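Participant: One rule links them: number in the numbering used here = place in the sequence shown (from 1) + 3.
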Amino acid sequence: MTELTSIKDARDSPDLMSFGTPENLVIIKRMMIKCADVSNPVRPLHLYRDWAHRIANEYFSQTEEEKKRNLPIVMPQFDRTTCSIPKSQIGFIDYFINDMFDAWDALADIPELLGHLRRNYQYWKEQEEINANPTLQSQPLSKAEEEDEAKEQESAVTSENINPDEKAS
4 MTELTSIKDA RDSPDLMSFG TPENLVIIKR MMIKCADVSN PVRPLHLYRD
54 WAHRIANEYF SQTEEEKKRN LPIVMPQFDR TTCSIPKSQI GFIDYFINDM
104 FDAWDALADI PELLGHLRRN YQYWKEQEEI NANPTLQSQP LSKAEEEDEA
154 KEQESAVTSE NINPDEKAS
């Protein structure tokens, strides 16, 4: 049995027993942890958008602190005055997320997460276009935002969809 070099190898391996070797399970567990660590782009837009801004603000603060202390700037692209969050998210998805979650999908079949990823990517592309063209800034919600709002409203807990016994408590 040979050691797997990727998750796609696990799915495509003619020797299904090789999938469960200790070495291969370590690879799969490492990939699972890495995917969980960078999973915001595959979450619903309202969650992802909030986290993208939180993380960007953390990086902005780090850059400002490094400048203030005359330290080397670790992430110069995260200057609050010049950074484009849409561009940074598009780059992050293109460079890291797409391949990683395509590979994970080959193993775990995650169409819902990949759907979020496609919609979120489209959202950031639309935001990038709006930032580049100020006349678009007063436009209605993007398609991704509309879909996200509709899903949020569907899943919102209201007095109509709460069990009467739960209302009393």
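Glycine included, every Cβ here is placed at the ideal spot set by N, Cα and C.
As the structure is a prediction and not an experimental result, all values here were calculated from the model.
Per DSSP, what kind of secondary structure is residue 75 in: helix, strand or coil?
Facilitator: The residue labelled residue 75 in the question sits at position 72 within the sequence shown. Of the three classes helix, strand and coil, the one that applies to residue 75 here is coil, per DSSP.
Participant: Given a cut-off of 8 angstroms, decide if residue 85 and residue 76 are closer than it, judged by their beta-carbon atoms.
Facilitator: Along the sequence shown, read from residue 1 onward, the residue named residue 76 stands at position 73. Along the sequence shown, read from residue 1 onward, the residue named residue 85 stands at position 82. No, they are not a contact pair.
Participant: Below 8 angstroms on the Cβ atoms is my guess for residue 98 versus residue 78; work out the distance and round it to an integer in Å.
Facilitator: For the purposes of this step, residue 98 is identified with residue 95 of the sequence shown, where counting begins at 1. For the purposes of this step, residue 78 is identified with residue 75 of the sequence shown, where counting begins at 1. Rounded, the Cβ-Cβ distance is 14 angstroms, inconsistent with contact.
Participant: What residue range is occupied by the uninterrupted alpha helix (DSSP H) comprising residue 118?
Facilitator: Numbered from 1 along the sequence shown, position 115 holds the residue referred to as residue 118. Taken as a continuous stretch (DSSP letters only), the alpha helix (DSSP H) holding residue 118 covers 114-135.
Participant: Quick one: Cα of residue 6 to Cα of residue 27, how far?
Facilitator: In the sequence shown, residue 6 corresponds to position 3, counting from 1. In the sequence shown, residue 27 corresponds to position 24, counting from 1. The pLDDT assigned to residue 6 is 48, lower than 50, so where the model puts this residue is not dependable; a value taken from the coordinates is nonetheless given after this. In this structure, the alpha-carbon of residue 6 lies about 6 angstroms from that of residue 27.
Participant: DSSP three-state call for residue 85: helix, strand or coil?
Facilitator: Residue numbering aside, residue 85 sits at position 82 when the sequence shown is read from its first letter. Here residue 85 sits in coil by DSSP.
Participant: Note down the Cα distance separating residue 88 from residue 47, rounded to an integer number of angstroms.
Facilitator: In the sequence shown, the residue the question calls residue 88 occupies position 85. In the sequence shown, the residue the question calls residue 47 occupies position 44. About 17 angstroms.
Participant: Taking the alpha-carbon positions, what's the residue 172 to residue 39 distance?
Facilitator: Translated into positions along the sequence shown, residue 172 becomes position 169. Translated into positions along the sequence shown, residue 39 becomes position 36. Reliability fails at residue 172, whose pLDDT of 44 lies under 50, so the model's placement of it is uncertain and no value is given.
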